[in-house]
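*Asks:* In UniProt numbering, the protein residues as written are 1 to 217. Just so it is clear, CB atoms sit at the ideal spot from N, CA and C, and this is done for glycine as well. Got a structure for you, questions after.
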């Protein structure tokens, strides 16, 4: 059911034969995630625009860009550890083998240019360029296994936050070449560019204890 809070009424309804795992919204699109399929609809008339098959996706993993005029959608691919990136503006599909184990969590920047992924091991987070699939940086949460609950970029892609079942939040300072990606950052916090091949980052991070395990950014 699609509810218009301003009008105080239901303005549309979509029905499926299996359980809906998650829903993502933009001003112009509605994305519905099932166990092994994703449906993309036009918001104005609920016309089906695209159907995507995925590996079993019980968490309903899917993210969409919000700032860019042309939507970027990220979802699991058809293989373990694979991420699928759909660029609707250029009508291009990119597959990224992000991890050897299954994908546990991922996040997009608001403009859809950067993708952060974490696997079920929960030790490393990788940051990719969604346009060409190149690995830009790795950051390490820790050496022991953990379940990653959530990843989130700051608006300027200068910071990446991570929460896990360890009861902590890590905030990483990213060193991505923002100029080449067209991402604006504040002058007070300039970031160096990567001049060497991507490697595990030795960045410092903020570790904050929290009193609850399940939450949303």
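Determine whether the beta carbon atoms of residue 113 and residue 124 lie at a separation below 8 Å.
*Replies:* Counted from its first residue, the chain shown places residue 113 at position 113. Counted from its first residue, the chain shown places residue 124 at position 124. In this structure, residue 124 does not lie closer than 8 Å to residue 113 by Cβ.
*Asks:* So, residue 85 versus residue 94, is the Cβ gap smaller than 8 Å?
*Replies:* Counting from one through the chain shown, the residue named residue 85 turns up at place 85. Counting from one through the chain shown, the residue named residue 94 turns up at place 94. A contact, by the Cβ cut-off of 8 Å.
*Asks:* Apart from the five residues on each side of it in sequence, which residues of its chain come closer than 8 Å, Cβ to Cβ, to residue 56?
*Replies:* Residue numbering aside, residue 56 sits at position 56 when the chain shown is read from its first letter. 35 and 36.
*Asks:* Taking the C-alpha atoms as reference points, what is the distance between residue 120 and residue 172?
*Replies:* Looking up residue 120 in the chain shown gives position 120. Looking up residue 172 in the chain shown gives position 172. About 19 Å.
*Asks:* Tell me which residues share the same chain as residue 221 and place their Cβ nearer than 6 Å to its Cβ, disregarding the 5 neighbours each side in the sequence.
*Replies:* In the structure as shown, the chain begins at 1 and stops at 217. Residue 221 is therefore absent and cannot be evaluated.
*Asks:* Round the Cβ separation of residue 66 and residue 6 to the nearest angstrom and send it over; I've been treating them as touching at under 8 Å.
*Replies:* Stepping through the chain shown from its first residue, residue 66 is reached at position 66. Stepping through the chain shown from its first residue, residue 6 is reached at position 6. That pair is no contact at about 19 Å.
*Asks:* Could you check which residue in 60, 38 and 43 has the C-alpha nearest to that of residue 50?
*Replies:* Indexing the chain shown from 1 puts residue 50 at position 50. Out of 60, 38 and 43, 38 has the C-alpha closest to the C-alpha of residue 50.
*Asks:* Which same chain residues end up closer than 8 Å to residue 159 when comparing Cβ atoms and leaving out the 5 residues on each side of it in sequence?
*Replies:* Your numbering for residue 159 matches position 159 in the chain shown. Correct list, in chain order: 153, 171, 172, 173 and 174.
*Asks:* From the DSSP secondary-structure annotation, give me the bridge partner or partners of residue 97.
*Replies:* To locate residue 97, count along the chain shown from 1; it is residue 97. Note: residue 97 sits in a beta bridge opposite 82.
*Asks:* How would you label residue 106, buried or exposed, when you count the other beta carbons within 10 angstroms and need 16 or more for buried?
*Replies:* Position 106 of the chain shown holds residue 106. It counts as buried.
*Asks:* Leaving out the 5 sequence neighbours to the left and right, which residues in its chain are closer than 8 Å to residue 11 when beta-carbon positions are compared?
*Replies:* Indexing the chain shown from 1 puts residue 11 at position 11. The residues are 2, 3 and 4.
*Asks:* Between residue 194 and residue 24, what straight-line distance do the alpha-carbon atoms span, to the nearest angstrom?
*Replies:* Taking the first residue of the chain shown as 1, we reach residue 194 at position 194. Taking the first residue of the chain shown as 1, we reach residue 24 at position 24. Because the pLDDT at residue 194 is just 38, under 50, the model does not fix this residue reliably, and the value given afterwards should be weighed accordingly. Cα to Cα, residue 194 sits roughly 33 Å from residue 24.
*Asks:* Contact criterion: CB-CB distance below 8 Å. Does residue 8 meet it with respect to chain B?
*Replies:* Going by chain labels, chain B is absent from the structure shown, which holds only one protein chain.
*Asks:* Within 10 Å of its beta-carbon, does residue 108 have 16 or more other beta-carbons around it, so buried, or fewer, so exposed?
*Replies:* For the purposes of this step, residue 108 is taken as residue 108 along the chain shown, with counting starting at 1. Residue 108 is buried by the Cβ-count criterion.
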